Amino acid sequence: MKTVVSVSQGSSEFDYQLETEFLGQPFRVIRLGSDGDLERAESILDSVREQADAIGLSMIHDHYQVGKEQILHPDTARLEDCIPDKPVTTGAGLRGILQEWAVRHTQSELGHFFDNARILCFNGQASYRIARALAEHTDNLFFADPYTDFGVPYLLTSLSHLETYTRITSPFMYRPAAARAVEIALHNPLYRLAEGMVKTSLSEAVESAHVIVASIADLEGMGQKQLDGKTIITSRVTDSALDWLKARNVAMVVDYSPWLEGRPVGTNVMEAMISASLARTPEQLAADDYLSVIQKLGIEPRIIYPNEYRRVNRFAFVIHPLSQQYLTKTPPLDWIAEVSPKGVMNLVEKAIAYTPPFIYSKVTGIASPTGDEVEGWLITVGGTPKEIMAHDPEFTYKRLLQAARLARKLGAQVMGLGAFTKVVGDAGITVAKRAPLPITTGNSYSASGALWAAHEAVKKIGRVSVGKNGKMAGKAMVVGATGAIGSVCARLLAKAVDEIYLAAPEPAKLLALKESIESETPGAIVHIAGSANRHLADMDMIVTATSGAGKRILDIMKVKPGCVITDVARPLDIPAEDVAKRPDVLVIESGEIQLPGHVRMKDIGLPEGIAYACLAETIVLALEGRFENFTLGRNIEWEKVREIYKMGLKHGMKLAAISGVNGVFSAEDFDRVRTLAAEKDKPAKAPLRKKAKV
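Counting with the UniProt record's numbering, you get residues 1 to 694 for the letters of the sequence shown.
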């Protein structure tokens, strides 16, 4: 039987001894703690020299390789020199492989998990292999080495910074004189005064990170505020450690340590066993030796959810002031608007368009029934629609790309474009090509939400019967049916309404669309027409989806009383003055979405927890982990409209509100349309005739 002894600088309270079989050979493993006493560790090593076939050193620094710098730790070298005739290892060779594999395994298993994540490594030198692997997926790398080495409240912000720091500090890091200087500093009253500030700074760094690379001991003193929703990459996660992480609401743990006899063991133990089994020193072990053992033993990183499945993804969404009136409600511009002469706000509106993007609100609390969560940021660009349309597209592209760089720095994995930012130029295509993260305009869910809202509005008004299968016993028309959005709406409505009329000035395209719809929806009754007005008076629902901004596309005075019109064109097809002419008709601009969970974000002009459909699309993609360019350009694919609708249902999205040109409709609005439409249905009374005088 071969014997491996692990001599740890940790507590002797956790000493153990076990017998097992390893690579077909019987082994005895003994763990002996020295309680942080280096001389005691030397004494233990001397006492086990004869019985040990190989020795592991635990809770002590490896000899680090950071960039081109090789750092030899004097305490480690001192213990290694105690037994020159036996294999002695810290497990560095195996640890480096398992650390890097943990990152690659997690990224492969969970898909895009580390994309743009903010990573904080407590000891960048010890986790250099992990950091290099993570750098393939994110630029947001932070290293706390100045804190942990010298108590200096400063974070290194890249691999190159870590390598430079190591090159500068390694010549004196572990010299006695340096150790004495640090010891003196630690007892200096000024240092003690600043110590609280340093801890606060490190605490804030933990709180702003998404992934933390650290030992459980490193995290002592951190509470739920700092660790809630975080992912921890670490080793040797015991049951007690897991309970500690669970109490702090940690979302996920990646444990790269190997297991033996149902318990996690140090890589120093495993590497010592490999060395003894193969009768080679750690320096003689090759990649094939490690790979052979890993495969034979089935070692792989563990992905652990301390409570239950929970994954937190991240998004960003771009907003902007919709009018000069919005600016006057924003501090400190509200004060300027009150005290400035009339006309000054016109200059302010122009100036604000040039301001760099900034964070308007952090968004938290969005939680899907699946266990997936998202957090995000609403990022404001300053231009009102008037200013956006007054400049060439490149002006807005520049600001959107600034917003995208800010979103990446924050850790967002996908970014949505809101309001007029998705209309400018080629509707997101150019921005997506240049941006450092995926982009969507949200128009797929906007189209889906508008039709969803129309269907609900028809039921609320109650003038048309809707069957148990959700199909409406009436007639619907799509104006602009051959366009990108119009054809999507036509395909969806054909499944939801008894008869559908398609209107567009393109006869050949209409014929092809009719043929396609009848093929994919057997039994659909489809009519086609070159213009809308001929059949308006018979329609129970109308969808306008043209690209003819500024042109009157239908005569609203010919529309049937109680009709529901959904305007999905951007800019809108039906002007507000036309809407005002027909209070007996409901004109819908959009369907708003109720987000799942307990949502916390600043006011965006909607009730709490409710979002515009374009924002909801960005959130759905983040919940689903679909970090890709989704809806771009003016050609919306109806498959994507259907897909985002299904994904939304999966993650608990609900239709929350139905909006028109004047905001969200109330129950009184639906009652008004129903009442006025019923009054118009009544036959007009014939005028009384006066009797002729004889």
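Yeah, the Cβ is synthetic: ideal placement off N, Cα and C, and Gly gets one too. Being a predicted model, the structure only gives us computed values, none of them experimental.
Express the C-alpha separation of residue j and residue i in angstroms, rounding to a whole number.
| i | j | result |
| --- | --- | --- |
| residue 621 | residue 412 | 12 Å |
| residue 247 | residue 206 | 17 Å |
| residue 680 | residue 442 | 38 Å |
| residue 464 | residue 371 | 39 Å |
| residue 11 | residue 34 | 6 Å |
| residue 349 | residue 381 | 12 Å |
| residue 470 | residue 457 | 13 Å |
| residue 707 | residue 316 | One cannot answer for residue 707 here, as it falls past the ends of the chain, which runs 1 to 694. |
| residue 670 | residue 627 | 39 Å |
| residue 306 | residue 312 | 14 Å |
| residue 694 | residue 539 | Model confidence at residue 694 stands at a pLDDT of 45, short of 50, so the residue's coordinates are unreliable; what they give is reported in the following sentence. Those two C-alpha atoms are separated by around 51 Å. |
| residue 263 | residue 56 | 17 Å |
| residue 158 | residue 304 | 28 Å |
| residue 294 | residue 127 | 20 Å |
| residue 153 | residue 201 | 7 Å |
| residue 251 | residue 230 | 5 Å |
| residue 389 | residue 637 | 26 Å |
| residue 596 | residue 615 | 13 Å |
| residue 129 | residue 101 | 10 Å |
| residue 530 | residue 506 | 7 Å |
| residue 410 | residue 619 | 16 Å |
| residue 553 | residue 573 | 7 Å |
| residue 420 | residue 387 | 10 Å |
| residue 134 | residue 222 | 24 Å |
| residue 283 | residue 649 | 56 Å |
| residue 242 | residue 219 | 13 Å |
Would a C-beta distance cut-off of 8 Å place residue i and residue j closer than the cut-off?
| i | j | result |
| --- | --- | --- |
| residue 454 | residue 401 | no |
| residue 281 | residue 95 | no |
| residue 537 | residue 558 | yes |
| residue 4 | residue 272 | yes |
| residue 484 | residue 582 | no |
| residue 29 | residue 269 | yes |
| residue 232 | residue 214 | yes |
| residue 491 | residue 517 | yes |
| residue 20 | residue 260 | yes |
| residue 509 | residue 482 | yes |
| residue 541 | residue 467 | no |
Could you check if residue i belongs to the surroundings of the ligand SAH, using beta carbon to heavy atom distance under 7 Å?
| i | result |
| --- | --- |
| residue 611 | Ligands in the displayed structure: none, and consequently the ligand SAH is not present. |
Among the residues of its own chain, which have a CB less than 6 Å from the CB of residue i, if the five just before and after it don't count?
| i | result |
| --- | --- |
| residue 113 | 106 and 107 |
| residue 439 | 415, 428, 431, 432 and 629 |
| residue 203 | 226 |
| residue 62 | 90 and 92 |
| residue 228 | 249 |
| residue 147 | 202 |
| residue 677 | 561, 562 and 584 |
Output needed for residue i: all residues of its chain with C-beta closer than 7 Å, excluding positions within five of it in sequence on either side, in chain order.
| i | result |
| --- | --- |
| residue 364 | 375 and 600 |
| residue 489 | 447, 451, 478, 543, 545 and 568 |
| residue 25 | 2 and 277 |
| residue 237 | 253, 255, 264 and 304 |
| residue 88 | 55, 57 and 80 |
| residue 460 | 670 |
| residue 589 | 567, 572, 659, 660 and 661 |
| residue 15 | 31, 32 and 33 |
How is the alpha helix (DSSP H) around residue i delimited, first residue to last?
| i | result |
| --- | --- |
| residue 271 | 267-278 |
| residue 695 | Since the first residue shown for the chain is 1 and the last is 694, residue 695 is missing from the structure and cannot be characterised. |
| residue 680 | 667-681 |
| residue 567 | Run containing residue 567: none in the alpha helix (DSSP H); it sits in the beta strand (DSSP E), 564-567. |
| residue 656 | Careful: residue 656 lies outside any alpha helix (DSSP H), inside the beta strand (DSSP E) at 654-660. |
Determine which residues share a DSSP beta bridge with residue i and list them.
| i | result |
| --- | --- |
| residue 477 | 501 and 542 |
| residue 377 | 316 and 362 |
| residue 54 | 4 |
| residue 416 | 317 and 440 |
| residue 264 | 259 |
| residue 143 | 121 and 156 |
| residue 231 | 211 and 252 |
| residue 64 | 71 |
Following the continuous beta strand (DSSP E) through residue i, name the residue where it begins and the one where it ends.
| i | result |
| --- | --- |
| residue 288 | That residue, residue 288, is in no beta strand (DSSP E); its alpha helix (DSSP H) goes 287-297. |
| residue 3 | 2-8 |
| residue 96 | Looking at the DSSP string, residue 96 is not in any beta strand (DSSP E); the run it does join, the alpha helix (DSSP H), is 92-110. |
| residue 28 | 25-33 |
| residue 20 | 16-22 |
| residue 597 | 597-600 |
Excluding five sequence neighbours on each side, which residues of the same chain lie with their C-beta closer than 8 Å to the C-beta of residue i?
| i | result |
| --- | --- |
| residue 289 | 274, 278 and 280 |
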